[in-house]
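Student:
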């Protein structure tokens, strides 16, 4: 049974696109057929993070409007055979998306893939509501910071009201992915800690992605962080999150890059 | 508060007649006071806290105490409309002012001005049967509540809140608004930052309140607010409000109840 997963947050810049790419790649690494779909029409980024920007011909709008076939628009990942990208259009805006068009594309993707991961744009307008419209699982991405948490709360309300599954009386499965987490700063009270965020949002925790330079480094070379350095802390955290999405019981910890005592001492002096 | 009664015209030819029924509805009456400029400043301050307070509400403007001339009333109506207040009627002005530029003129909930609308052929539309009159008086008296009006000499000091409580079994998320004008609201989950609860009666929250709670929104000063943990942005009882800044530290984060005492909100710990 294919799963439609939306990665959403309300607030911009919290890591939706990075998380879409990382989770999509991690799911594909476990031998499932995965399509990642960029819903950020007009401000597309997923193609860059996936390293596919030079191979975009057709996009989501073309397929939704019937100007191109789905197989013409899907871009196969160079590293993983079972990972595909459906890019957004950069020249159009979100009004070009219609509910019927999106429904057709999603239905067609459903026949070919195990996971369809929809990268939602920021905001609560048309692009974001259409990205979540046909989903049955949501990953809510939040940073440990009050404005991000409140926006996520707003999105959770919309997931329970504006999606097809909710309108039919079903329950949207929701998971929290806490990104850019710095255990040290949370302990010093400079950031919300995990318990604060969970208390406010009251949805189950899918994973904690530590703040790390590896994430930016991977984005800049156009590689999902899970494919870039399999052993780095964020990479392991995303891989664990993907396993939990598939129903595996993985103990929750906050992965960190293990450093020797000397490195930590020097690190502290330098800071 | 005031009540409105639609006239029921005498039944004539059954083949062509349009049915009117006398019904009364509670509406919110807004009473500007002099000087108007100062009153607008206060209104704007309120609207800043609750921009949606007047949205989708039927409002009657009561200018009885002001004795304004017609142009000033026209100005007042225009300024209120510009702030999103939907005015369904005007009261406290000369009924002969009725025209297309002003909202329909109502008299003080006790009697109805002759309807100037030409639809009924100039017929004096006000023809209440004794039982209709009695029912109407009863409602008008109940609605007069604790206000010292000419109609309230014999009124029941404990006006009824007839409607059943509204029970919300989930968390109220940021951006969501629960509106229950006739009775109590009971929330089993938490009320998030950026969410509103507006109740005609009391509000009970069996979780943390981080949003805004307005109890006794139609002026019931006996309404109360109860919650398991207080982190609210704003509390209001019977039209008097208190923002987070004014909430004392010793009650913050505690199980409390709030009530109105001498036009001030008093918050007391429950445990």
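Residue numbers (the numbering used here), protein chains in the order written: chain A, 4 to 274; chain B, 755 to 1025.
We treat Cβ as the ideally placed atom computed from N, Cα and C, and that holds for glycine.
Fair warning: this is a prediction, and the values are worked out from it, not measured in the lab.
Compare the C-alpha of residue 57 of chain A against each of A:198, A:9 and A:90 and name the closest.
Tutor: The shortest C-alpha separation from residue 57 of chain A is found at A:90.
Student: So who's on the other strand from residue 968 of chain B, going by DSSP bridges?
Tutor: Paired residue(s): B:952 and B:990.
Student: What are the residues in the stretch 146-162 of chain A lying within 7 Å of chain B by C-beta distance?
Tutor: Under the 7 Å Cβ criterion, the stretch 146-162 of chain A contributes 153, 156, 157, 159 and 160.
Student: Are the stretch 116-127 of chain A and the stretch 170-179 of chain A touching, with three or more C-beta to C-beta distances below 8 Å?
Tutor: They do not touch, by the three-pair rule.
Student: Are the stretch 15-34 of chain A and the stretch 133-140 of chain A in contact at 8 Å, needing three or more beta carbon pairs?
Tutor: Counting Cβ pairs under 8 Å, fewer than three are found: no touch.
Student: Whose C-beta lies closer than 7 Å to the C-beta of residue 1017 of chain B among residues of the same chain, with five residues either side of it excluded?
Tutor: Same-chain partners within the cutoff: 994.
Student: Return the bridge partner residues of residue 996 of chain B from the DSSP annotation.
Tutor: Paired residue(s): B:989.
Student: Along chain B, which residues have their Cβ under 9 Å away from the Cβ of residue 203 of chain A?
Tutor: What residue 203 of chain A touches in chain B: 944, 946, 947, 962 and 964.
Student: For residue 963 of chain B, which of B:792, B:786, B:937 and B:944 has the nearest alpha-carbon?
Tutor: If we check each option's Cα against that of residue 963 of chain B, B:944 comes out closest.
Student: Which residues bound the alpha helix (DSSP H) around residue 793 of chain B?
Tutor: That run of the alpha helix (DSSP H) goes 790-803.
Student: So what does residue 931 of chain B bridge to, in DSSP terms?
Tutor: The partner list for residue 931 of chain B (beta bridge, DSSP) reads B:950.
Student: Grab me the residues of residue 246 of chain A's own chain with a C-beta within less than 7 Å of its C-beta, minus the 5 sequence neighbours each way, in chain order.
Tutor: Counting only Cβ-Cβ distances below 7 Å, and skipping sequence neighbours, we find 253.
Student: Using only the alpha-carbon positions, how far apart do residue 1078 of chain B and residue 849 of chain B sit?
Tutor: Examination of residue 1078 of chain B is not possible in this model, given that chain B is present from 755 through 1025 alone.
Student: Determine contact between the stretch 146-154 of chain A and the stretch 66-73 of chain A, defined as no fewer than three beta-carbon pairs at a distance below 8 Å.
Tutor: In short, these stretches do not touch, since the Cβ pair count stays below three.
Student: With DSSP as the reference, identify every bridge partner of residue 191 of chain A, one or two as the case may be.
Tutor: Residue 191 of chain A pairs with nothing; no bridge assigned.
Student: By Cβ distance, which residues of its chain are closer than 7 Å to residue 244 of chain A, with the 5 residues on each side in sequence left out?
Tutor: Answer for residue 244 of chain A: 26, 180, 209 and 210, listed in chain order.
Student: Determine which residues of the stretch 918-929 of chain B have a Cβ less than 7 Å from any Cβ of chain A, and write them out in chain order.
Tutor: Here the close residues are 925, 927, 928 and 929.
Student: Report the rounded CA-to-CA distance for residue 753 of chain B versus residue 120 of chain A, giving the unit in angstroms.
Tutor: Residue 753 of chain B is absent from the model: chain B starts at 755 and stops at 1025.
Student: Apart from the five residues on each side of it in sequence, which residues of its chain come closer than 7 Å, Cβ to Cβ, to residue 15 of chain A?
Tutor: Closer than 7 Å at the Cβ level, and outside the excluded window around residue 15 of chain A, lie 125.
Student: Cα separation between residue 63 of chain A and residue 216 of chain A?
Tutor: Near 31 Å, if we compare the C-alpha coordinates of residue 216 of chain A and residue 63 of chain A.
Student: Suppose only complete runs of 3+ residues qualify. What are the beta strand (DSSP E) ranges in the stretch 65-148 of chain A, listed by chain order?
Tutor: Entirely contained in the stretch 65-148 of chain A, the beta strand (DSSP E) runs reaching 3 residues are, in chain order, 86-89, 118-122 and 140-145.
Student: Between which two residues does the beta strand (DSSP E) containing residue 184 of chain A stretch?
Tutor: Per DSSP, residue 184 of chain A belongs to the beta strand (DSSP E) from 176-184.
Student: Just curious, the alpha helix (DSSP H) that residue 237 of chain A is in, first and last residue?
Tutor: Start and end: 236-248.
Student: Helix, strand or coil: how does DSSP classify residue 942 of chain B here?
Tutor: Three-state DSSP puts residue 942 of chain B in coil, outside helix and strand.
Student: Just how far apart, CA to CA, sit residue 989 of chain B and residue 855 of chain B?
Tutor: Residue 989 of chain B and residue 855 of chain B: Cα-Cα distance of roughly 37 Å.
Student: Excluding the five sequence neighbours on either side, which residues of its own chain have a C-beta within less than 6 Å of the C-beta of residue 935 of chain B, listed in chain order?
Tutor: If we look at residue 935 of chain B and ignore the five residues flanking it on each side, its Cβ neighbours are 954.
Student: Once DSSP output is grouped into helix, strand and coil, what is the label at residue 156 of chain A?
Tutor: Correct three-state label for residue 156 of chain A: helix.
Student: Could you pull the start and end residues of the alpha helix (DSSP H) that residue 819 of chain B belongs to?
Tutor: Here residue 819 of chain B belongs to no alpha helix (DSSP H), and DSSP marks it neither H nor E.
Student: Below 6 Å CB to CB, which residues in the same chain sit around residue 18 of chain A once its five sequence neighbours on both sides are set aside?
Tutor: Hits under 6 Å: 144 and 182.
Student: So, residue 1006 of chain B versus residue 985 of chain B, is the Cβ gap smaller than 8 Å?
Tutor: Their beta carbons are under 8 Å apart, which means residue 1006 of chain B touches residue 985 of chain B by this criterion.
Student: How many angstroms separate the CA atom of residue 232 of chain A from the CA atom of residue 212 of chain A?
Tutor: Distance between the alpha carbons of residue 232 of chain A and residue 212 of chain A is about 14 Å.
Student: Can you give me the C-alpha to C-alpha distance between residue 60 of chain A and residue 118 of chain A, rounded to a whole angstrom?
Tutor: Cα-Cα distance, rounded: 23 Å.
Student: Which one or two residues does DSSP pair with residue 41 of chain A in a beta bridge?
Tutor: For residue 41 of chain A, which the question treats as bridged, DSSP gives the partners A:122.
Student: Under a three-way DSSP split, which group does residue 1015 of chain B fall into?
Tutor: In the structure shown, residue 1015 of chain B sits in a strand (DSSP, three-state: E or B).
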